[in-house]
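Take the sequence shown: its letter number 4 is residue 664 in my numbering, and every next letter is one higher.
For glycine and all other residues, C-beta sits at the position ideal for the given N, C-alpha and C.
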Amino acid sequence: MRKGWDEVREEKMQNNPEFKEAYESLLKHSALVDEWYELQQISN
């Protein structure tokens with residue numbers, strides 16, 4: 661299933677600049693959220 665998503669995503673990103681922009685923005689946001697959670701686990 662993952663391979664199928666990867667293929668569809670790549671095709672959509674090539675053919676639809678708005679999809680590409682939205683998906684890349686989502687990835688950046690996800691990375692920031694992950695970083696925030698990591699920082700919350702730092703103990704004093």
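- In the DSSP assignment, Ser703 falls outside any alpha helix (DSSP H) and carries neither an H nor an E.
- Taken atom to atom, the span from the alpha-carbon of Glu698 to that of Asn675 is near 35 Å.
- Pairing Lys680 with Lys688 gives a Cβ-Cβ distance that is not under 9 Å.
- In the DSSP assignment, Asn676 falls outside any alpha helix (DSSP H), carrying neither H nor E.
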